[in-house]
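Novice:
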Amino acid sequence: MDKHTVVLERVNKVYGTVVKTQVLFDITLTVPEGQFLALIGPSGSGKTTLLNIIGALDRPTSGEVFIEGKRLNDFGEEELARFRNRFLGYIFQFHYLLPEFTTLENVLIPHWIAGGKRTREVEKRALYLLERVGLGGAAHKRIALLSGGQQQRVAIARALMNAPKLLLADEPTGALDTKTGEQVLELLGDIRKEYGTTMIMVTHNRDVALRADRILELVDGRLCKEVYPQRVGLTEAAAILEAYECNIEDAANELTPKGPSPSTGNLHKRGSKNF
Amino acid sequence: MVLLAFRIAFRFLRASRTQTLLILLGITSGVAIQIFLSSLITGLQANLIERTVGDAPHIIVIPRVQEPTSTVRERGALVLSTFGSPVQEEAKILSWQSTEAKLAQREDITVASPLVEGPGSIEKGDLVRSVVLRGVLFDRADRIYELRERTVEGIPGIGGNTILIGKDLAQDLRLAPGDIVRIATPQGNEGTFIVNGIFDLENATINASWVFLDIVPAWALLNLEGAISSIEIQIADVFAAERIAREIEREIPQYPIETWQKRNAQLLSALRSQSLSSYLIQVFILIAVTLGIASVLVVSVTQRIREIGILKAIGMTNFGISLVFLIQGGILGLAGSASGAAFGLLLVRFFQQVAARSGGAIPFSITTNFTAALTIVAISGAASTLAALSPARQAVRLLPIEVIRNG
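In the order they appear, the protein sequences are chains S and E. For the first sequence, the numbering used here gives the first residue as 1103, with consecutive numbering after it. For the second sequence, the numbering used here gives the first residue as 1454, with consecutive numbering after it.
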């Protein structure tokens, strides 16, 4: 059996204490090691919240989260921070690089956070990653002097610095023009294959999603569709995504009677055990 | 993590150069003023105390007031008081040589000078003035009152029938060195003396009333015969007076002891309130500096919400993030107070030169108080780090997802 990088068990997320808004309903999900999973869905469907929970940036209101076999529910704030640094790499819509540091230093920051020294080997790795993202010549430039696409590529190099087991990308091309976005996606795909890294990407762009091994669509906080584009073919995959009906049964069941609370006995089984 | 926090703190400060420089300037001037003020007050007070007690006894051993025990006068004549009250004897120290010997053993006492004191009148021609006769051993008294230095006319010295009189008395009676005067006492004794010199003790009352003469003629004039009125003592450290007085009291319990502090209570309370107001000013400067640093750092947190968010997202712990801001506060505080200290000491030096060149217009000099300067630097440094607590907490409370979600 494949090793699972991500295992979610009946994850619910409710925001607010007085006015409660439930954004995730009983999400049960596993992501095997090395898979490229695209999370899609209309805005407000909860895909970013789901990504943040997987990325140990947010905690579920109920349910369990296992990443790399570690039960995140057991971790305190500082432990979570160390876990993120050690096992996860993030690429956000905006690069959020530190303008006070050079390109190379920005790539080195995750290593520094881990308490590492700036040795020659470490610097070599950072330089290699920068070269890999096509920015070998910009290592000592200030961040402000780089273009948007270049900055996003620095952010990718930074995400890879600590050799993460899981890459999380939230609309990584959202702030880029089509051509630059294309380059960034290609780069991400190549790197992922090269290192065998598991990657989960949130996107609202179906074309982007179709590059993934697996697509999951969220609707109103529930898993609605699941597609393996390479297996079914891109045309068929696109057709499934176009269709109105969900192809995950229990999510569909719950879609019709709108809004039963997860605690009032639901029939949810593990939604997607199809590996 | 600590190293990284230092690195980030430095870069943040360097990136917002203008803010950093302005707040450094603020801390510098605050600390400089604090150091200058504390040096000024210390110098001023030291000067004031020196002027008050430098040429005066620090501790005085006085005789106990005698309870009237008999109606018989010393001389043996039986006198019944007109008003029915018993005869009150003059308070005096009888066995003063042994007392003095005990005092001489103490190393912290610079000089102990026996004094025979009493009222008298001085006559020149038809002019009569009442004076305070002070019979002393000249060499001892000189070490307290610096009579040699302070004799402005004539010869500084007494012995036999020569005396020293004050400047104002001399003016009043038109006396010059070499003049002959008659001194009489209420005891009915009198003698003829030669004015040897005229002193100026920088105190009008003393200059108008004190007459220094040798202890032997003073005994005769005041009917004290071998006893003395008090022992005046100077010590090396004026502020040890109370402690030394208590110790002396234990050694010679038969005599009360008075200190300069007791005699100058008003001056001391004035000095205390001066110190208090100086401390108050310093505290407010410190508060202003601290608030300045805090506000700069709060702004810095707000400006850098995204960077803080991403640092936390990629694994910087809350401890590390708080450290970034505490270090910024510490750097600002230390650098600012160090340059403030340098500037403050420069101000002190400048003042010293102005005072030296003023030709007495500024009648005191101030000394650089390094201990105080170090204390101020340490306190400011600590306060600046504390000032960073609130911005640090703000940074800790920041959730990375909020920053990431809102772009």
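We put the beta carbon where it would ideally sit given N, CA and C, even for glycine. It should be emphasised that the depicted structure is a prediction, and the values quoted were computed from it without experimental measurement.
Taking the beta strand (DSSP E) that Gln1687 of chain E falls in, what are its first and last residues?
Specialist: From DSSP, the beta strand (DSSP E) with Gln1687 of chain E extends over 1683-1688.
Novice: Counting C-beta neighbours from all protein chains within 10 Å, is the total for Lys1219 of chain S 16 or more, i.e. buried, or is it exposed?
Specialist: Burial call: exposed.
Novice: So, using beta-carbon positions, are Val1506 of chain E and Val1584 of chain E closer together than 8 Å?
Specialist: Not in contact: Val1506 of chain E and Val1584 of chain E (Cβ atoms no closer than 8 Å).
Novice: Give the DSSP-derived three-state secondary structure of Thr1107 of chain S in the structure shown.
Specialist: Looking at Thr1107 of chain S - three-state DSSP - the assignment turns out to be strand.
Novice: Using 8 Å as the threshold, is the region 1188-1202 of chain S in touch with the region 1758-1765 of chain E, meaning 3 or more CB pairs across them?
Specialist: Taking 8 Å as the limit for Cβ pairs, the verdict is that the region 1758-1765 of chain E does touch the region 1188-1202 of chain S.
Novice: Consult DSSP for Thr1305 of chain S and reduce its assignment to one of helix, strand or coil.
Specialist: The answer is coil: DSSP assigns Thr1305 of chain S none of H, G, I, E or B.
Novice: Start and end of the alpha helix (DSSP H) containing Val1777 of chain E?
Specialist: Looking at the DSSP string, the run of the alpha helix (DSSP H) that includes Val1777 of chain E is 1771-1810.
Novice: Please classify Leu1457 of chain E: does DSSP put it in a helix, a strand, or coil?
Specialist: Leu1457 of chain E falls in the helix class under three-state DSSP.
Novice: Who are the near neighbours of Asp1632 of chain E in its chain, counting only those whose CB is closer than 8 Å to its CB and skipping five residues on each side?
Specialist: Hits under 8 Å: Lys1577, Ile1647, Val1648.
Novice: Since Lys1577 of chain E sits in a beta bridge, which residues does DSSP pair it with?
Specialist: Partner(s): E:Leu1580.
Novice: With 8 Å set as the bound, which would you pick, yes or no: does the beta-carbon of Asn1500 of chain E sit closer than that to a beta-carbon of chain C?
Specialist: In the structure shown, chain C does not exist; the protein chains are S and E.
Novice: Can you tell me whether Thr1221 of chain S is helix, strand or coil according to DSSP?
Specialist: In the structure shown, Thr1221 of chain S sits in coil (DSSP, three-state: anything other than H, G, I, E or B).
Novice: With a threshold of 8 Å between beta-carbons, can Leu1750 of chain E be considered close to chain S, or not?
Specialist: Closer than 8 Å: no.
Novice: May I ask which residues mark the beginning and end of the beta strand (DSSP E) holding Pro1134 of chain S?
Specialist: Its beta strand (DSSP E) spans residues 1123-1134.
Novice: Which word fits Glu1202 of chain S, buried or exposed, when buried means at least 16 other C-beta atoms lie within 10 angstroms of its C-beta?
Specialist: By the 10 Å Cβ count, Glu1202 of chain S comes out buried.
Novice: Got a sec: is the Cβ-Cβ distance from Asp1279 of chain S to anything in chain E below 8 Å?
Specialist: No, no contact with chain E.
Novice: Would you kindly check if the distance between the Cβ of Leu1139 of chain S and the Cβ of Leu1320 of chain S is under 8 Å?
Specialist: Cβ distance not < 8 Å, so Leu1320 of chain S and Leu1139 of chain S don't count as in contact.
Novice: From S:Leu1131, S:Leu1278, S:Asp1279, S:Ala1311, pick the residue whose C-alpha is nearest to that of Gly1291 of chain S; which is it?
Specialist: Of the candidates S:Leu1131, S:Leu1278, S:Asp1279, S:Ala1311, the one whose C-alpha sits nearest the C-alpha of Gly1291 of chain S is S:Ala1311.
Novice: If you run the structure through DSSP and keep just helix, strand and coil, what is Thr1828 of chain E?
Specialist: In the structure shown, Thr1828 of chain E sits in a helix (DSSP, three-state: H, G or I).
Novice: Quick check on the burial criterion: 16 or more other C-beta atoms within 10 angstroms. Buried or exposed for Ala1657 of chain E?
Specialist: Burial call: exposed.
Novice: Mind checking Ser1833 of chain E: buried by the 16 CB within 10 Å criterion, or exposed?
Specialist: Classification for Ser1833 of chain E: buried.
Novice: Is the shortest distance between the beta-carbon of Leu1457 of chain E and the beta-carbons of chain S less than 8 Å?
Specialist: Taking Cβ atoms only, chain S reaches closer than 8 Å to Leu1457 of chain E, which makes this a yes.
Novice: According to DSSP, is Phe1652 of chain E helix, strand or coil?
Specialist: Phe1652 of chain E: strand per DSSP, three-state reduction.
Novice: So what does DSSP say about Thr1275 of chain S, is it helix, strand or coil?
Specialist: Coil, per DSSP.
Novice: Report the residues of the region 1760-1774 of chain E with a CB closer than 8 Å to any CB of chain S, ordered along the chain.
Specialist: Listed in sequence order: Glu1760, Gly1762, Ile1763, Leu1764, Lys1765, Ala1766, Ile1767, Gly1768, Met1769, Thr1770, Asn1771, Phe1772, Gly1773.
Novice: Kindly indicate the opening and closing residues of the beta strand (DSSP E) around Asp1667 of chain E.
Specialist: That run of the beta strand (DSSP E) goes 1663-1667.
Novice: Under a CB-based cut-off of 8 Å, is Pro1844 of chain E close to chain S?
Specialist: Answer no: the Cβ-Cβ gap between Pro1844 of chain E and chain S never drops below 8 Å.
Novice: Below 7 Å on C-beta distance, what does Ile1854 of chain E contact in chain S?
Specialist: Here the neighbours are Asn1154, Leu1159, Asp1160.
Novice: DSSP three-state label for Thr1645 of chain E, please.
Specialist: Of the three classes helix, strand and coil, the one that applies to Thr1645 of chain E here is strand, per DSSP.
Novice: In chain order, what residues of the region 1463-1486 of chain E put their CB closer than 8 Å to some CB of chain S?
Specialist: Against chain S - using a Cβ distance shorter than 8 Å - the residues of the region 1463-1486 of chain E are Arg1464, Phe1465, Arg1467, Ala1468.
Novice: Taking only three categories from DSSP, how would you classify Arg1850 of chain E?
Specialist: Reduced to three states, the DSSP call for Arg1850 of chain E is helix.
Novice: Taking Cβ-Cβ distances shorter than 9 Å, what residues in chain S pair up with Ile1857 of chain E?
Specialist: The answer, in chain order, is Thr1150, Asn1154, Leu1159, Tyr1192, Phe1194, Gln1195, Phe1196, Tyr1198, Asp1272.
Novice: Are the C-beta atoms of Asn1175 of chain S and some chain E residue less than 8 Å apart?
Specialist: Not closer than 8 Å to any Cβ of chain E, the Cβ of Asn1175 of chain S fails to qualify, so no.
Novice: Could you have a look at Tyr1708 of chain E and say whether DSSP puts it in helix, strand or coil?
Specialist: Note: Tyr1708 of chain E maps to coil in three-state DSSP.
Novice: Just to confirm the assignment, what range does the beta strand (DSSP E) spanning Leu1336 of chain S have?
Specialist: Per DSSP, Leu1336 of chain S belongs to no beta strand (DSSP E); it is in the alpha helix (DSSP H), 1336-1344.
Novice: Report yes if the C-beta distance between Val1108 of chain S and Pro1162 of chain S is below 8 Å; otherwise report no.
Specialist: Against a cut-off of 8 Å, the Cβ pair of Pro1162 of chain S and Val1108 of chain S comes out as no contact.
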